[in-house]
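There are 2 protein chains.
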Amino acid sequence: MMANQKKFSSGGVEWSIRVGDGSPPKILVPQETLASRVWLGLKDKIARFVSRVWRFLVKAWNLAVDDPRKVIHCLKVGIALTVVSLFYYMRPLYEGVGGNAMWAVMTVVVVFENTVGATLCKCLNRIVGTSLAGLLAIGVHWVARQSGENLEPLITSKIDLTVVFLLTASAATFSRFIPTIKARFDYGAMIFILTFSLVTVSGYRIDKLFDMAHQRLSTIIIGTSLCILVTTLICPIWAGQELYVLINKNMDKLANSLDGCVSQYFDHGDEKTEKEDKALLGYKCVLNSKGTEDIMANFTRWEPAHGRFNFRHPWKQYLKIGASMRSCAYCIEALIGCIKSENQAPELIKKQLRNTCLLVGSNSSGVIKELAKTIKTMKKSNTIDLLVGEMNSAVQELQNDLKSLSCLSNSDSPSFQEESETPENKKTEKSQKAAATIPLMGVISVVTFASLLIEIVSRTEAIVEAVEELSNLAEFELTVSKQNQSNQKDEQTMQNSQMV
Amino acid sequence: MMANQKKFSSGGVEWSIRVGDGSPPKILVPQETLASRVWLGLKDKIARFVSRVWRFLVKAWNLAVDDPRKVIHCLKVGIALTVVSLFYYMRPLYEGVGGNAMWAVMTVVVVFENTVGATLCKCLNRIVGTSLAGLLAIGVHWVARQSGENLEPLITSKIDLTVVFLLTASAATFSRFIPTIKARFDYGAMIFILTFSLVTVSGYRIDKLFDMAHQRLSTIIIGTSLCILVTTLICPIWAGQELYVLINKNMDKLANSLDGCVSQYFDHGDEKTEKEDKALLGYKCVLNSKGTEDIMANFTRWEPAHGRFNFRHPWKQYLKIGASMRSCAYCIEALIGCIKSENQAPELIKKQLRNTCLLVGSNSSGVIKELAKTIKTMKKSNTIDLLVGEMNSAVQELQNDLKSLSCLSNSDSPSFQEESETPENKKTEKSQKAAATIPLMGVISVVTFASLLIEIVSRTEAIVEAVEELSNLAEFELTVSKQNQSNQKDEQTMQNSQMV
Numbered sequence: 001m002m003a004n005q006k007k008f009s010s011g012g013v014e015w016s017i018r019v020g021d022g023s024p025p026k027i028l029v030p031q032e033t034l035a036s037r038v039w040l041g042l043k044d045k046i047a048r049f050v051s052r053v054w055r056f057l058v059k060a061w062n063l064a065v066d067d068p069r070k071v072i073h074c075l076k077v078g079i080a081l082t083v084v085s086l087f088y089y090m091r092p093l094y095e096g097v098g099g100n101a102m103w104a105v106m107t108v109v110v111v112f113e114n115t116v117g118a119t120l121c122k123c124l125n126r127i128v129g130t131s132l133a134g135l136l137a138i139g140v141h142w143v144a145r146q147s148g149e150n151l152e153p154l155i156t157s158k159i160d161l162t163v164v165f166l167l168t169a170s171a172a173t174f175s176r177f178i179p180t181i182k183a184r185f186d187y188g189a190m191i192f193i194l195t196f197s198l199v200t201v202s203g204y205r206i207d208k209l210f211d212m213a214h215q216r217l218s219t220i221i222i223g224t225s226l227c228i229l230v231t232t233l234i235c236p237i238w239a240g241q242e243l244y245v246l247i248n249k250n251m252d253k254l255a256n257s258l259d260g261c262v263s264q265y266f267d268h269g270d271e272k273t274e275k276e277d278k279a280l281l282g283y284k285c286v287l288n289s290k291g292t293e294d295i296m297a298n299f300t301r302w303e304p305a306h307g308r309f310n311f312r313h314p315w316k317q318y319l320k321i322g323a324s325m326r327s328c329a330y331c332i333e334a335l336i337g338c339i340k341s342e343n344q345a346p347e348l349i350k351k352q353l354r355n356t357c358l359l360v361g362s363n364s365s366g367v368i369k370e371l372a373k374t375i376k377t378m379k380k381s382n383t384i385d386l387l388v389g390e391m392n393s394a395v396q397e398l399q400n401d402l403k404s405l406s407c408l409s410n411s412d413s414p415s416f417q418e419e420s421e422t423p424e425n426k427k428t429e430k431s432q433k434a435a436a437t438i439p440l441m442g443v444i445s446v447v448t449f450a451s452l453l454i455e456i457v458s459r460t461e462a463i464v465e466a467v468e469e470l471s472n473l474a475e476f477e478l479t480v481s482k483q484n485q486s487n488q489k490d491e492q493t494m495q496n497s498q499m500v
Numbered sequence: 001m002m003a004n005q006k007k008f009s010s011g012g013v014e015w016s017i018r019v020g021d022g023s024p025p026k027i028l029v030p031q032e033t034l035a036s037r038v039w040l041g042l043k044d045k046i047a048r049f050v051s052r053v054w055r056f057l058v059k060a061w062n063l064a065v066d067d068p069r070k071v072i073h074c075l076k077v078g079i080a081l082t083v084v085s086l087f088y089y090m091r092p093l094y095e096g097v098g099g100n101a102m103w104a105v106m107t108v109v110v111v112f113e114n115t116v117g118a119t120l121c122k123c124l125n126r127i128v129g130t131s132l133a134g135l136l137a138i139g140v141h142w143v144a145r146q147s148g149e150n151l152e153p154l155i156t157s158k159i160d161l162t163v164v165f166l167l168t169a170s171a172a173t174f175s176r177f178i179p180t181i182k183a184r185f186d187y188g189a190m191i192f193i194l195t196f197s198l199v200t201v202s203g204y205r206i207d208k209l210f211d212m213a214h215q216r217l218s219t220i221i222i223g224t225s226l227c228i229l230v231t232t233l234i235c236p237i238w239a240g241q242e243l244y245v246l247i248n249k250n251m252d253k254l255a256n257s258l259d260g261c262v263s264q265y266f267d268h269g270d271e272k273t274e275k276e277d278k279a280l281l282g283y284k285c286v287l288n289s290k291g292t293e294d295i296m297a298n299f300t301r302w303e304p305a306h307g308r309f310n311f312r313h314p315w316k317q318y319l320k321i322g323a324s325m326r327s328c329a330y331c332i333e334a335l336i337g338c339i340k341s342e343n344q345a346p347e348l349i350k351k352q353l354r355n356t357c358l359l360v361g362s363n364s365s366g367v368i369k370e371l372a373k374t375i376k377t378m379k380k381s382n383t384i385d386l387l388v389g390e391m392n393s394a395v396q397e398l399q400n401d402l403k404s405l406s407c408l409s410n411s412d413s414p415s416f417q418e419e420s421e422t423p424e425n426k427k428t429e430k431s432q433k434a435a436a437t438i439p440l441m442g443v444i445s446v447v448t449f450a451s452l453l454i455e456i457v458s459r460t461e462a463i464v465e466a467v468e469e470l471s472n473l474a475e476f477e478l479t480v481s482k483q484n485q486s487n488q489k490d491e492q493t494m495q496n497s498q499m500v
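Taken in sequence, the protein lines are chains A and B. Residue numbers for the first sequence follow full-length UniProt numbering, beginning at 1 and rising by one. Residue numbers for the second sequence follow full-length UniProt numbering, beginning at 1 and rising by one.
See the structure below:
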């Protein structure tokens, strides 16, 4: 047996033992000391943890920079909590509401939401839920005690009580499944169950039931009033305003997506900047914002008049506008499918339709942008009818172009020839005959694209209708002068011609 | 002046006074008595209220009949509440946890959710949030008190405390805006703020801080354990199972929608039953279920192994499947646009493509149904490759048919002639020349429909991929025998040929 010793660059030593039976030498790697391994593992884990925390902080920072109102909201919560905590520090107030001052703190933490509407919703739900449940529970209690004293032994009344308790709690729980209640009074129903349970159950222990109820209600009213004051007075975030801005932004995104889509299809060879790519995918925001729209519209019903919106502002109409925009966005999704499709039309055929398609696209997005402007300025647009007219005449032109497509002879489209030369099934003869007549297969992609564009135009008209309904319901003003109107029209036409 | 008196059928009396100047007689209608008017108004209101309550009850009843598990959930809440209330009735237990038994009741009401995952999520969030906040608050308190005694006057330490309090509450509030935290720990963050506030604030009043913390934690643990027991042992509703069923149902709906769509387009003259109309619109469920899918997938991460799902079941993959189904549903939306479009292709041209389109549609929906079966049985399908192959060859056939479309002479399509006879712009000549060659305008609608179908096929393949990935990740078994396989194939082919 031989033992060789080699020096390692790392300073360690490798021992290899050669057994005298001709087998290859076995290498003995010296085990790292336990301490160093633990240290290495720990170092690795700490490094990973630190980088994770760092990434998390960067994400949080970006979130704060993107929407500083979130930071303001946090400060508002801090202020409300500090003020409500004073109830603990100030002796007179403390004695006024007793140990129940805790409920005021709890109310602030639970009720304070990002938007005014959400906060008001929770506040009113909490107050009404608590009051109703308290009254009901005390009533049930009183009836049970009266009948218990006069008619039945105490034990039966207790069973009655339990049954009532069970039924009420279950019914209230079930009510939270009903959509209309869930949308508006879900929190109230929970508070109802909570209060009802607490009062019913504690009725056996605490004699001063009315005192307790009174104290709880007053602390809740203190907490909710404070929340309402802070949320409406310090940089208020209105759910209505949020919905309004969301719809507006989505409208712009939809218009840009449409523009990007059409130009991407016809000029796909050109280099696209990252910004243009982002604009192209803006329609996805429209597709995904249904949930947010519903939530915001739900909270608007709790909000008073604010900013440019009066109390009876038709918030529901924004949902209709959102739905019509989504229906348009579905078609843009299908357009993107055309762009990504493998069956692309020959460039020559694309060229034939390029200008009219670009015109239809830019006219349609122009209409959407004008609608966005209508909503933004809250003034009826004078140019919208003109723009819609232009859009429709562009569609007419596109339809004529589609008809003229068939004038192309197949000699102009080599790509189709290649395709038709590899037919694989029984219809070969028929299709070759077809190929000799007209390169239909080559134009399918572009025809699909064009007819989706036409569909988008008709869906854009649905958005126009929805916005018009809004402008009537919300009584938007007509203030643009005739002079302005013609200027704007010229501007719009110029823009369109520049884009095409 | 004359006064006439007429008898009314209603038993009332009408007095008309004729003034002597030739003017028509004035009729004096006797005022209804106040009481009767109030009574009528009241009756009307009561009737309306009763009918409203009645409709509400009917709605609730239907909800309960549709999904009896909702009723069971309500009973479960009732049971949990009853059990937890026993803490108030049983003296030994009551003395054990003191007046804080209230927290157990509160925990049950707040934490008990419909699905096991949601309940577990809230339970763990509540326990961890309370513990962390309690520890932190007591720690801060202790440090402040130590330094207050040794180094600074008490008032400074109070200010320090307030700053710490403000910072922590604000930071925790901000964390609720961060998407990853919002998805998993939103409730925990709220409970953290709540507990931190309560302990920090009450630290000045209650000396037995540790006792309080211990009691609160133990009542919360009692409440959460009870909730977990009831929710998992009595008819558990698993979020994972719900997600699984939702995806399965949506897949069937998508397949039926696709079938309905294609047959509606080609046989729109036929009478449609209400059921078929409903099936046609099934794709809307797919479009609208993103929110539910996200929520359910979020809760699955809290659930242990259950039913046929082990602990590491790849729930996220269901979201991918859902997304691929939605991408398919967008195209079906565009198909519906074709069906509703005013520009319909002449029946003759439709007939040319009818059979292949129906074949592509039924093959594609057959593939989706097979995928639904794969998920339902949790067994890898042996026929899926064959079905996908058939689908693709049907697409090939459709493409060939599209090519052969151009063989039609325009004499067969009178509708196109009508259209081309009303041209309104400069391209008139060109388009009329086109019309003489080939009725392209008339086929645009059907070409669009067909190419959307082809797009749907390629998106169906994306669903196939997503489901295959799921079957690999979740290790679905391969159990269908060769014999079965060929039988199934025959069955499938028969079904397809029957549908065409």
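Built from N, CA and C at the ideal position, the CB exists for glycine as well. If you're wondering where the values come from, they're calculated on a predicted model, not measured in any experiment.
Measure the beta-carbon distance from residue i to residue j and round it to whole angstroms, keeping in mind my assumption that it falls under 8 Å.
| i | j | result |
| --- | --- | --- |
| Arg184 (chain A) | Thr130 (chain A) | Rounded, the Cβ-Cβ distance is 17 Å, inconsistent with contact. |
| Leu258 (chain A) | Gly337 (chain A) | The pair is not a contact, with the Cβ atoms about 15 Å apart (cut-off 8 Å). |
| Arg459 (chain B) | Ser324 (chain B) | 7 Å |
| Tyr265 (chain A) | Glu333 (chain A) | The pair is not a contact, with the Cβ atoms about 14 Å apart (cut-off 8 Å). |
| Ala345 (chain A) | Ala239 (chain A) | So it is not a contact: roughly 47 Å between Cβ atoms. |
I'd like to confirm the pairing. Which residues does DSSP put opposite residue i in its beta bridges?
| i | result |
| --- | --- |
| His214 (chain B) | Bridge partners of His214 (chain B): none, in fact. |
| His306 (chain A) | A:Phe309 |
| Lys278 (chain B) | Its beta-bridge partners do not exist; DSSP assigns none. |
| Glu477 (chain A) | A:Lys379 |
In chain D, which residues lie less than 7 Å from residue i when you measure between Cβ atoms?
| i | result |
| --- | --- |
| Phe177 (chain A) | Given the protein chain composition of this structure (A and B), no chain D is represented. |
Please check if any C-beta of chain A sits within less than 8 Å of the C-beta of residue i.
| i | result |
| --- | --- |
| residue 505 (chain B) | Because residue 505 (chain B) is not part of the residues shown, which for chain B are 1 to 500, the question remains open. |
| Leu319 (chain B) | no |
| Glu390 (chain B) | no |
| Ala169 (chain B) | yes |
| Phe174 (chain B) | yes |
| Leu353 (chain B) | no |
| Met102 (chain B) | yes |
| Ser197 (chain B) | yes |
Hey, is residue i's beta-carbon within less than 8 Å of any beta-carbon in chain B?
| i | result |
| --- | --- |
| Cys74 (chain A) | yes |
| Pro414 (chain A) | Confidence is the limiting factor: at Pro414 (chain A) the pLDDT is only 37, short of 50, which leaves the residue's position unreliable and the question unanswerable from this model. |
| Ile339 (chain A) | no |
| Asn363 (chain A) | no |
| Ser257 (chain A) | no |
| Thr33 (chain A) | no |
Residues in the segment 124-141 of chain B with C-beta within 7 Å of chain A's C-beta atoms, listed in sequence order? none
When Cβ atoms are compared, which residues of the segment 307-334 of chain B fall closer than 7 Å to chain A? Under the 7 Å Cβ criterion, the segment 307-334 of chain B contributes Tyr330, Cys331, Glu333 and Ala334.
Name the residues in the segment 279-294 of chain A whose C-beta lies less than 7 Å from a C-beta of chain B; which are they? Flagged, chain order: Gly291.
Output, in sequence order along the chain, the residues in the segment 106-117 of chain A whose CB is closer than 9 Å to any CB in chain B. Met106, Val108, Val109, Val110, Phe112 and Asn114
May I ask you to verify whether the segment 104-111 of chain B touches the segment 132-140 of chain B, counting CB pairs closer than 8 Å and requiring at least 3? no
Mind listing which residues of the segment 453-475 of chain A have their C-beta closer than 7 Å to chain B's C-betas, in chain order? Glu455
Do the segment 352-369 of chain A and the segment 247-265 of chain A touch if we need at least three Cβ pairs shorter than 8 Å? With the rule of 3 Cβ pairs closer than 8 Å, the segment 352-369 of chain A counts as touching the segment 247-265 of chain A.
Okay, do the segment 224-244 of chain A and the segment 294-314 of chain A touch, 3+ Cβ pairs below 8 Å being the bar? yes
Within 8 Å, do at least three Cβ pairs link the segment 347-361 of chain A to the segment 465-477 of chain A? Fewer than three Cβ pairs drawn from the segment 465-477 of chain A and the segment 347-361 of chain A lie within less than 8 Å of each other, which leaves the two stretches out of contact.
For the segment 210-244 of chain A, enumerate the residues whose C-beta is nearer than 7 Å to any C-beta of chain B, in chain order. none
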